[in-house]
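Notes to accompany the following structure.
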């Protein structure tokens, strides 16, 4: 899987995501216990995503409070989860996209599709429910030496409290329930991974979020065509009846009951992949080309200073309006100076130039435009580096890019900080540069 990247949500929370594959964009919002690293560690998960990437450019959102996303968070509301998805989509440059959600994340995707139909083209759901689910099925699961669900856990309070008082036990119970016929050591391994990448407090908050889902009134507002899937033999956490109700209340829906008994869609996935191909259309592009070195490029990074504080002070709506103004100014400067936008980072840009001079001129124009702008003050750091980056799937990687990003992070507000590789070219063309302090020897500063 590709490298992990980061977007900044509306409340300033750092959200991890990864992008891979070829084809039209598909954003996946996984259930709360799934992380990007597990997608590579588990062979069945890895095979599923390899097949999915054959016909879609997949962007996976890592849920707040889990994995590489910011852990120290307090807000686990529906609005926060929706904002996280939008932040990742914006960072990935996706104006509209297909979206795929499972378990509790299915409700997030439903609400996003209902509230912002212009962004969601098609909706794919696995194990969806629109009102609070049952914790465990009524039947005792088979298996020797396994931790089986107890009837006493049918109380929401008892069940959720266990995530705080004995998170390892709770994780093991959930793993056993979702993988009923897998070897006991497999469930233990999954539970161990969950406790490593998810704190007991975050797990507790996600259980409360899952149990608090009640979005029946949102279903009729969904305009996008929908594919709703559920496993015939799996009743843990969300029943077939609950999923059927979701399918029945969304107008343009294809409902598919898949054979098998595993709760996650990444296992026993051949029929699932086939149904997704059928629903989305097999619009696969040519296989992704291997990474190649590109000609000499100047890489520019921008970083909006005080973004988190601004969002907290202005609120989501006004704060997002200011961010859009920041994006407009940056894109106009890039266009005027021949720069190519590589990607957005939520509160900044990465761009590529064929000339150091054009990159420096663009950086100066950016700082001048932000300084002259009226209204909410915008202060931006800019970092420049030049070299031969590696290109893969339309993105740029390598030491040249990494150093440019680090240089931008070292710059002060309103400052342009350039690497030594850029300083010589720029000085020869009349730009006045000051030597960087010894703490950052590979670069020069320009004001």
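Numbering (our numbering), first residue to last: 79 to 525. Where is the CB? At the ideal position from N, CA and C, for every residue including glycine.
Roughly how many angstroms lie between the CA atoms of residue i and residue j, to the nearest whole one?
{"i": "residue 276", "j": "residue 146", "result": "10 Å"}
{"i": "residue 278", "j": "residue 162", "result": "21 Å"}
{"i": "residue 284", "j": "residue 344", "result": "21 Å"}
{"i": "residue 87", "j": "residue 402", "result": "14 Å"}
{"i": "residue 203", "j": "residue 291", "result": "15 Å"}
{"i": "residue 412", "j": "residue 381", "result": "15 Å"}
{"i": "residue 226", "j": "residue 254", "result": "Reliability fails at residue 226, whose pLDDT of 35 lies under 50, so the model's placement of it is uncertain and the value that follows must be treated cautiously. Roughly 7 Å separates the two Cα atoms."}
{"i": "residue 459", "j": "residue 492", "result": "6 Å"}
{"i": "residue 484", "j": "residue 118", "result": "27 Å"}
{"i": "residue 362", "j": "residue 330", "result": "In this prediction, residue 362 has a pLDDT of 46, which is less than 50 and means its spatial position is unreliable; nothing more can be read from the coordinates."}
{"i": "residue 426", "j": "residue 322", "result": "42 Å"}
{"i": "residue 98", "j": "residue 126", "result": "13 Å"}
{"i": "residue 282", "j": "residue 477", "result": "40 Å"}
{"i": "residue 456", "j": "residue 336", "result": "51 Å"}
{"i": "residue 182", "j": "residue 205", "result": "9 Å"}
{"i": "residue 342", "j": "residue 123", "result": "9 Å"}
{"i": "residue 165", "j": "residue 246", "result": "32 Å"}
{"i": "residue 214", "j": "residue 317", "result": "Legend: pLDDT at residue 214 = 39, less than 50; position of this residue unreliable, no value from coordinates given."}
{"i": "residue 195", "j": "residue 241", "result": "36 Å"}
{"i": "residue 243", "j": "residue 273", "result": "13 Å"}
Is residue i near the ligand SAM, judged by its Cβ being under 6 Å from some heavy atom?
{"i": "residue 205", "result": "Absence of the ligand SAM is noted for the structure shown, with no ligands found whatsoever."}
Answer yes or no: do residue i and residue j have a C-beta to C-beta separation smaller than 7 Å?
{"i": "residue 134", "j": "residue 91", "result": "no"}
{"i": "residue 338", "j": "residue 375", "result": "no"}
{"i": "residue 328", "j": "residue 299", "result": "no"}
{"i": "residue 136", "j": "residue 104", "result": "yes"}
{"i": "residue 114", "j": "residue 93", "result": "no"}
{"i": "residue 208", "j": "residue 306", "result": "no"}
{"i": "residue 417", "j": "residue 429", "result": "yes"}
{"i": "residue 495", "j": "residue 489", "result": "yes"}
{"i": "residue 252", "j": "residue 377", "result": "no"}
{"i": "residue 198", "j": "residue 302", "result": "yes"}
{"i": "residue 334", "j": "residue 353", "result": "yes"}
{"i": "residue 249", "j": "residue 280", "result": "no"}
{"i": "residue 463", "j": "residue 482", "result": "yes"}
{"i": "residue 116", "j": "residue 210", "result": "no"}
{"i": "residue 129", "j": "residue 407", "result": "no"}
Give the range of the beta strand (DSSP E) segment to which residue i is assigned.
{"i": "residue 173", "result": "Per DSSP, residue 173 belongs to no beta strand (DSSP E) and is neither H nor E."}
{"i": "residue 394", "result": "No beta strand (DSSP E) contains residue 394, which is instead part of the alpha helix (DSSP H) from 394-414."}
{"i": "residue 199", "result": "198-204"}
{"i": "residue 465", "result": "458-465"}
{"i": "residue 94", "result": "92-98"}
{"i": "residue 469", "result": "468-470"}
{"i": "residue 547", "result": "In the structure displayed, the chain extends from 79 to 525; residue 547 sits before or after that span and is not available."}
{"i": "residue 161", "result": "No beta strand (DSSP E) holds residue 161; the alpha helix (DSSP H) holding it covers 156-169."}
{"i": "residue 81", "result": "Where residue 81 is concerned, there is no enclosing beta strand (DSSP E), given that its DSSP letter is neither H nor E."}
{"i": "residue 304", "result": "304-309"}
Could you give the DSSP three-state label for residue i: helix, strand or coil?
{"i": "residue 229", "result": "Unreliable placement is indicated for residue 229, whose pLDDT of 36 sits below 50; no coordinate value is reported for it."}
{"i": "residue 194", "result": "coil"}
{"i": "residue 490", "result": "coil"}
{"i": "residue 135", "result": "strand"}
{"i": "residue 283", "result": "helix"}
{"i": "residue 383", "result": "coil"}
{"i": "residue 322", "result": "helix"}
{"i": "residue 111", "result": "coil"}
{"i": "residue 103", "result": "strand"}
{"i": "residue 473", "result": "strand"}
{"i": "residue 527", "result": "The structure shown does not extend to residue 527, since the chain spans only 79 to 525, so no value can be given for it."}
{"i": "residue 499", "result": "helix"}
{"i": "residue 180", "result": "strand"}
{"i": "residue 250", "result": "helix"}
{"i": "residue 141", "result": "coil"}
{"i": "residue 418", "result": "strand"}
{"i": "residue 269", "result": "helix"}
{"i": "residue 375", "result": "strand"}
{"i": "residue 341", "result": "coil"}
{"i": "residue 208", "result": "coil"}
So with Cβ pairs under 7 Å, would you call residue i a contact of chain B?
{"i": "residue 354", "result": "This model lacks chain B altogether; it includes just one protein chain."}
State the CB to CB distance for the pair residue i and residue j, rounded to an integer number of angstroms; the pair is presumed to be in contact (CB under 8 Å).
{"i": "residue 171", "j": "residue 107", "result": "That belief does not hold up - the Cβ atoms of residue 171 and residue 107 are roughly 18 Å apart, past 8 Å."}
{"i": "residue 349", "j": "residue 340", "result": "Their Cβ separation, rounded to whole angstroms, is 12 Å, which puts residue 349 and residue 340 out of contact at 8 Å."}
{"i": "residue 189", "j": "residue 293", "result": "6 Å"}
{"i": "residue 169", "j": "residue 85", "result": "4 Å"}
{"i": "residue 167", "j": "residue 175", "result": "6 Å"}
{"i": "residue 486", "j": "residue 453", "result": "Actually they are not in contact, since the Cβ atoms of residue 486 and residue 453 sit about 24 Å apart, beyond 8 Å."}
{"i": "residue 373", "j": "residue 466", "result": "7 Å"}
Mind checking which residues open and close the alpha helix (DSSP H) that includes residue i?
{"i": "residue 438", "result": "434-450"}
{"i": "residue 429", "result": "First-last for residue 429: 427-431, but that is the beta strand (DSSP E), not the alpha helix (DSSP H)."}
{"i": "residue 128", "result": "121-130"}
{"i": "residue 355", "result": "348-358"}
{"i": "residue 296", "result": "294-297"}
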